[in-house]
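S.K.:
In the UniProt record's numbering, the protein residues as written are 1 to 784.
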């Protein structure tokens with residue numbers, strides 16, 4: 001009866017278009033051919049074959065790319081080297097018209113041990129001249145570039161969950177003893193399951209445009225080579241791979257965070273919510289993570305409906321690595337508990353795949369796929385966590401069968417093929433049991449077998465100890481729906497570092513100033529003065545002051561010193577010694593601002609990537625601070641010993657802060673110090689020339705004021721900067737709160753009336769998300 005009602009509802013909605021460009025997808029494009037590639041052995045083999053057929057361009061975009069990985073560890077017999085980097089070099093050397101572009105995420109150090117060390121050196125500085133390698137860090141702090149794309153000649157595209165990196169290759173058998181499942185260092189890794197897509201036509205050309213857009217954002221310039229519209233000689237589709245379905249419309253959906261003036265794009269989240277609300281018979285999910293509160297709320301609504309769909313979710317038995325297990329694993333257990341409470345009709349199953357002799361290892365389910373009612377296929381890079389819905393860049397591909405029975409059969413076959421792999425049976429067995437028992441979960445239950453002797457899907461009931469549940473922060477921090485501050489993340493997870501207090505550092509500066517005074521006194525009133533002639537030093541400074549071009553000379557010294565990173569304080573003090581308090585202050589101000597402007601423009605011209613090579617790892621943090629806080633950030637950076645004068649200038653230029661704000665911040669931050677330093681230097685010379693108790697008292701007083709003003713300014717501006725950040729990124733506006741309240745009330749009224757239009761579940765989940773946002777938007781960013 002339930003299937004009959006579901007079929008009637010399905011027939012009514014086929015006249016509607018599920019995809020709405022701009023809302024739940026970016027575009028809908030035609031593909032002549034489409035195939036679902038299951039596991040790394042299928043994807044990597046056909047990818048290698050397709051690259052050998054490339055003529056003009058190959059774009060490779062990924063979360064990680066390892067030049068040492070082997071696409072076909074079992075052997076390829078195509079005459080090219082096995083390692084990815086060597087393979088690409090050989091292809092580029094052989095094909096003179098081919099250009100290869102590789103774009104990898106400029107990763108967080110949290111993942112450093114999971115990735116190839118120094119990829120810039122391995123794949124950038126040593127690459128073939130027709131291979132361009134670029135690292136992409138153009139995203140908010142804490143986000144990542146998570147899209148996994150390959151485009152060949154703008155005619156064939158690959159989109160899904162597999163990166164070209166270590167520990168990804170495996171076969172559908174997931175044999176625990178497979179000798180080929182080893183990384184570049186020869187280390188064995190556990191079985192790995194994932195899915196990818198391959199397609200051509202206008203849809204592939206659209207992915208090519210996306211790759212070009214990502215490249216131009218990362219590099220700051222557009223590619224000279226445009227998309228190919230003229231027919232090329234070779235068809236890049238690998239002949240060895242059969243086509244799963246022909247003549248199909250593909251929707252391309254994205255997640256992109258708001259960044260540098262670009263608005264946020266959350267099409268994937270919207271499409272997931274629309275798809276769950278639309279489901280009538282079954283929802284089949286495979287995903288690495290299952291933690292999103294927004295998606296969980298929509299699934300919970302679906303489970304509460306009396307005539308809702310079966311919900312079958314396949315995930316890894318536990319998360320890979322201790323950090324993910326005690327964070328994402330805890331969030332998964334919390335969401336699982338909520339769904340069990342909502343499952344009043346017994347339609348929810350959370351499962352993990354297993355094979356005999358697996359022991360303590362797991363099959364690492366890394367796929368990101370959802371299939372609804374034999375009618376809707378969604379595959380891509382987006383996990384079912386909040387990061388993939390809001391914070392990270394993602395790309396998904398979807399097919400809506402609508403009333404097309406041919407496409408519905410193809411989608412059902414793809415789902416049944418995946419289930420047959422996990423259950424160790426044939427596709428025909430899945431079809432038979434589903435038809436006989438009238439539901440997806442009933443068929444899975446009937447085909448499940450003893451895990452010790454057979455491949456099967458094992459029911460999963462993740463629980464977490466009370467102590468660990470209390471220890472792990474809430475979802476808003478571990479899996480954020482909005483960025484949270486890096487400082488807040490560190491406060492949550494990292495013990496406070498024992499550092500010298502700021503007052504202690506300034507006290508040390510005061511001690512040094514007093515030592516200078518003491519040395520000067522010893523020099524004057526002891527025989528030491530006989531060895532250093534004050535008269536000769538004074539005459540030297542007067543000769544410099546008398547030069548016709550002395551002001552221009554001193555300004556050139558400031559610019560040169562800024563470029564070669566000579567301490568600016570030394571120059572300011574020297575200026576006071578040579579030119580005195582009045583002209584010395586004027587020259588110091590002019591020299592400092594001119595030097596700052598020149599090195600700022602140099603950083604702007606070089607760009608962030610080049611500045612990173614000069615500034616090192618500190619550039620990421622400095623760049624975010626300068627770009628987000630403007631004048632206040634520059635002032636604070638001038639007061640605190642975070643980085644040298646020249647480095648701050650370069651980073652400010654690369655961060656594209658306005659020069660006006662940069663110069664104002666420099667003037668405010670360094671102005672008091674310049675005046676006091678010049679005055680101190682001038683008074684030091686005066687005290688040495690005419691030593692009296694009064695002159696030395698003035699000198700000591702200037703030193704005390706220098707220290708006191710620095711401390712007061714630092715504290716005042718530090719607190720003000722924190723307040724500005726909280727105001728800019730803090731609590732939601734009244735409009736946000738009102739919108740969240742309206743959505744929640746509307747969803748409640750719909751549920752009371754029993755009305756569930758196509759988008760009601762989505763609105764209800766969005767309301768829950770908006771309400772959560774109202775309490776957690778003051779957070780900034782989290783590390784990936």
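C-beta: ideal position from N, C-alpha, C; glycine also.
1) Going by DSSP in three states, residue 133 sits in which element: helix, strand or coil?
2) Identify which residue in 153, 652, 189 and 457 has its Cα closest to the Cα of residue 201.
3) Using a threshold of 6 Å, is the CB atom of residue 183 nearer than that to any non-hydrogen atom of the ligand SAM?
4) Rounding to the nearest angstrom, what Cα-Cα distance links residue 406 and residue 413 in this structure?
5) On the three-state DSSP scale, how would you describe residue 276?
6) What would DSSP say about residue 340, mapped onto helix, strand or coil?
7) Roughly how many angstroms lie between the CA atoms of residue 34 and residue 427, to the nearest whole one?
8) Under 8 Å by Cβ, that's how I've got residue 369 and residue 246 pegged, so tell me the actual separation to the nearest angstrom.
9) Under the assumption that residue 572 contacts residue 648 (Cβ atoms under 8 Å), give the Cβ distance between them as a whole number of angstroms.
10) With DSSP as the reference, label residue 233 as helix, strand or coil.
11) Determine the DSSP secondary structure at residue 557, reduced to helix, strand or coil.
12) Skipping 5 residues on each side, what residues in its chain have a beta carbon closer than 6 Å to that of residue 308?
13) Whole angstroms are fine: how far does the CA of residue 166 sit from the CA of residue 185?
14) Between which two residues does the alpha helix (DSSP H) harbouring residue 63 extend?
15) Apart from the five residues just before and just after residue 49, which ones in its own chain have a Cβ nearer than 7 Å to its Cβ?
16) Within 10 angstroms of its Cβ, does residue 441 collect 16 or more other Cβ (buried), or is it exposed?
17) For residue 30, report the span of its beta strand (DSSP E) as first-last.
18) Within 8 Å, do at least three Cβ pairs link the stretch 142 to 152 to the stretch 381 to 394?
19) Does the beta-carbon of residue 70 have 16 or more other beta-carbons within 10 angstroms, so that it is buried, or is it exposed?
20) Return helix, strand or coil for residue 195, following the three-state DSSP convention.
21) Quick one: give me the first and last residue of the beta strand (DSSP E) that residue 411 is part of.
22) What does the alpha-carbon distance come out to for the pair residue 273 and residue 389?
23) From residue 605 to residue 464, what does the alpha carbon distance come to, in whole angstroms?
24) Alpha carbon to alpha carbon, how far is residue 462 from residue 332? Give it in angstroms, no decimals.
25) Compare the C-beta of residue 95 with all C-beta atoms of chain D and state if any pair is closer than 7 Å.
26) When you compare only the Cα positions, how much space is there between residue 157 and residue 670?
27) Which residues in the same chain have their Cβ closer than 7 Å to the Cβ of residue 172, if we skip the five residues on either side of it in sequence?
28) Roughly how many angstroms lie between the CA atoms of residue 383 and residue 599, to the nearest whole one?
29) Which residue marks the beginning of the beta strand (DSSP E) containing residue 251, and which one marks its end?
30) Looking at residue 415: is its Cβ nearer than 7 Å to the Cβ of residue 289?
31) Mapping the DSSP letters down to three states, classify residue 181 as helix, strand or coil.
32) For residue 336, I'd like the list of residues in its chain whose CB is within less than 7 Å of its CB, leaving aside the five on either flank, ordered along the chain.
33) Applying the 10 Å Cβ sphere with the 16-neighbour rule, what's the burial state of residue 17?
34) Quick check: residue 252 and residue 304, are their CB atoms within less than 7 Å of each other?
35) Kindly indicate the opening and closing residues of the alpha helix (DSSP H) around residue 396.
36) Taking DSSP's pairing of strands, which residues face residue 354 in a bridge?
M.R.: The structure says:
1) Taking the chain shown and counting its residues from 1, the one referred to as residue 133 is at position 133. Correct three-state label for residue 133: strand.
2) Position 201 of the chain shown, counting from 1, holds the residue named residue 201. The candidate whose alpha carbon is nearest that of residue 201 is 153.
3) Among the ligands in the structure shown, none appear at all, so the ligand SAM cannot be discussed.
4) Here residue 406 is taken as the residue at index 406 of the chain shown, counted from 1. Here residue 413 is taken as the residue at index 413 of the chain shown, counted from 1. Spanning the alpha carbons of residue 406 and residue 413 requires a straight line of approximately 11 Å.
5) Translated into the one-based positions of the chain shown, residue 276 becomes position 276. Residue 276 sits in a helix when the DSSP states are folded into three classes.
6) Sequence index remark: in the chain shown, residue 340 carries index 340 (1-based). Helix at residue 340.
7) If you number the chain shown from 1, residue 34 lands on position 34. If you number the chain shown from 1, residue 427 lands on position 427. Straight across, the Cα-Cα distance linking residue 34 with residue 427 is about 20 Å.
8) Along the chain shown, read from residue 1 onward, the residue named residue 369 stands at position 369. Along the chain shown, read from residue 1 onward, the residue named residue 246 stands at position 246. Not really, about 21 Å apart at Cβ, beyond 8 Å.
9) By one-based count along the chain shown, residue 572 stands at place 572. By one-based count along the chain shown, residue 648 stands at place 648. So it is not a contact: roughly 16 Å between Cβ atoms.
10) Looking up residue 233 in the chain shown gives position 233. Correct three-state label for residue 233: coil.
11) Sequence index remark: in the chain shown, residue 557 carries index 557 (1-based). Looking at residue 557 - three-state DSSP - the assignment turns out to be helix.
12) Within the chain shown, the letter at position 308 stands for residue 308. 302.
13) Here the question's residue 185 lines up with position 185 in the chain shown. Here the question's residue 166 lines up with position 166 in the chain shown. Approximately 10 Å between the Cα atoms of the pair.
14) By one-based count along the chain shown, residue 63 stands at place 63. No alpha helix (DSSP H) contains residue 63, which DSSP labels as neither H nor E.
15) For the purposes of this step, residue 49 is identified with residue 49 of the chain shown, where counting begins at 1. Closer than 7 Å at Cβ, skipping near neighbours: 238 and 240.
16) Mapped onto the chain shown, residue 441 falls at position 441. That one is buried.
17) One-based indexing of the chain shown puts residue 30 at position 30. Following the DSSP letters along the chain, one finds residue 30 inside the beta strand (DSSP E) bounded by residues 27 to 38.
18) At 8 Å Cβ cutoff, the stretches touch.
19) As a working note, residue 70 is residue 70 in the chain shown. It counts as buried.
20) Taking the chain shown and counting its residues from 1, the one referred to as residue 195 is at position 195. The DSSP-derived three-state label of residue 195 is strand.
21) What you label residue 411 is simply residue 411 of the chain shown in a count that begins at 1. For residue 411, no beta strand (DSSP E) segment is defined; the enclosing uninterrupted segment is the alpha helix (DSSP H) at 405 to 423.
22) Taking the chain shown and counting its residues from 1, the one referred to as residue 273 is at position 273. Taking the chain shown and counting its residues from 1, the one referred to as residue 389 is at position 389. Distance between the alpha carbons of residue 273 and residue 389 is about 11 Å.
23) Residue numbering aside, residue 605 sits at position 605 when the chain shown is read from its first letter. Residue numbering aside, residue 464 sits at position 464 when the chain shown is read from its first letter. In this structure, the alpha-carbon of residue 605 lies about 52 Å from that of residue 464.
24) Within the chain shown, numbered from 1, the residue matching residue 332 stands at position 332. Within the chain shown, numbered from 1, the residue matching residue 462 stands at position 462. Cα to Cα, residue 332 sits roughly 8 Å from residue 462.
25) Absent from the structure: chain D. Only one protein chain is present.
26) The residue labelled residue 157 in the question sits at position 157 within the chain shown. The residue labelled residue 670 in the question sits at position 670 within the chain shown. Put simply, the backbone Cα of residue 157 is about 53 Å away from that of residue 670.
27) Stepping through the chain shown from its first residue, residue 172 is reached at position 172. Cβ neighbours of residue 172 beyond the five flanking positions: 38, 39 and 421.
28) One-based indexing of the chain shown puts residue 383 at position 383. One-based indexing of the chain shown puts residue 599 at position 599. About 42 Å.
29) Walking along the chain shown from the start, residue 251 turns up at place 251. Its beta strand (DSSP E) spans residues 245 to 256.
30) As a first step, residue 415 is located in the chain shown; it is residue number 415 there, counting from the start. As a first step, residue 289 is located in the chain shown; it is residue number 289 there, counting from the start. If you check the CB distance, residue 415 and residue 289 do not come in under 7 Å.
31) Walking along the chain shown from the start, residue 181 turns up at place 181. Three-state result, residue 181: coil.
32) By 1-based counting over the chain shown, the position of residue 336 is 336. Beyond the five residues adjoining it in sequence on each side, residue 336 comes within less than 7 Å, by CB distance, of 350 and 462 in the same chain, given in chain order.
33) If you number the chain shown from 1, residue 17 lands on position 17. The residue in question, residue 17, is exposed, as its Cβ has fewer than 16 Cβ neighbours within 10 Å.
34) Within the chain shown, numbered from 1, the residue matching residue 252 stands at position 252. Within the chain shown, numbered from 1, the residue matching residue 304 stands at position 304. One thing to note: residue 252 has its Cβ no nearer than 7 Å to the Cβ of residue 304.
35) Mapped onto the chain shown, residue 396 falls at position 396. Run containing residue 396: none in the alpha helix (DSSP H); it sits in the beta strand (DSSP E), 394 to 400.
36) Numbered from its first residue, the chain shown carries residue 354 at position 354. Listed as beta-bridge partners of residue 354 by DSSP are 456.
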